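Notes to accompany the following structure.
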Amino acid sequence: MKSSRILLLVAAFSLQAVLAIAETGSIKILSPADNERIEVGEEYQLAYEVTPGPGGDHFHVWVDGQRGPGIHDSKGVYTLPKFSSFGEHDVTIKVVDKGHTPTGPQKSIKLNAQ
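Numbering (the numbering used here), first residue to last: 169 to 282.
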């Protein structure tokens, strides 16, 4: 009897955690890592998992302030543009609505081109 109550409580808390993420949205950048060193002129894949949250329709990847095309896949990879200059570069994922207005969730990393 006790074990079934514990299992029921664990299931309830797990469901609440999933619902909380869906309500607020979330972004995970799986690779490359923040502050990773990359090579100038090479192609890199941005691996991601995105839960848009309320009002979110899709997301864009911004590289050094330049917006890329809209993406509707919640999990996958995005080919980053080749970096032609040395130094630090900013990569940001922003969840937006149908009018391309940010709805809240966003995540950034920095890449160091050598």
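Every residue gets a Cβ at the ideal spot worked out from N, C-alpha and C, and that includes glycine. Since we're looking at a predicted model, the values are computed, not measured.
Element boundaries [beta strand (DSSP E), containing residue i]
i: tyrosine 212; result: Careful: tyrosine 212 lies outside any beta strand (DSSP E) and carries neither H nor E.
i: glycine 238; result: 234-239
i: glycine 193; result: Careful: glycine 193 lies outside any beta strand (DSSP E) and carries neither H nor E.
i: lysine 243; result: 243-247
i: phenylalanine 227; result: 226-231
Strand pairing of residue i, partner residues [DSSP]
i: proline 270; result: Val264
i: lysine 275; result: Ile261
i: glycine 255; result: Ala281
Whole-angstrom distance between residue j and residue i, CA atom to CA atom
i: valine 259; j: glycine 223; result: 23 angstroms
i: isoleucine 277; j: alanine 201; result: 7 angstroms
i: threonine 281; j: valine 264; result: Note on identity: in this sequence residue 281 is alanine, with threonine being the wrong assignment. So the alpha carbons of these two residues sit roughly 28 angstroms apart.
i: glutamate 210; j: phenylalanine 251; result: 7 angstroms
i: methionine 199; j: histidine 228; result: This sequence places serine at residue 199; methionine is not what is there. Straight-line Cα distance between these residues: approximately 16 angstroms.
i: threonine 247; j: threonine 269; result: 23 angstroms
Close-in-space but distant-in-sequence residues of the same chain around residue i (CB under 7 angstroms, 5 per side omitted)
i: glycine 272; result: Gly193, Gly221, Val263
i: aspartate 225; result: Val264, Asp265, Lys266
i: glutamate 256; result: Lys278, Asn280
i: proline 249; result: Val231
Own chain, CB closer than 6 angstroms to residue i, minus 5 neighbours either side, in chain order
i: serine 242; result: Val218
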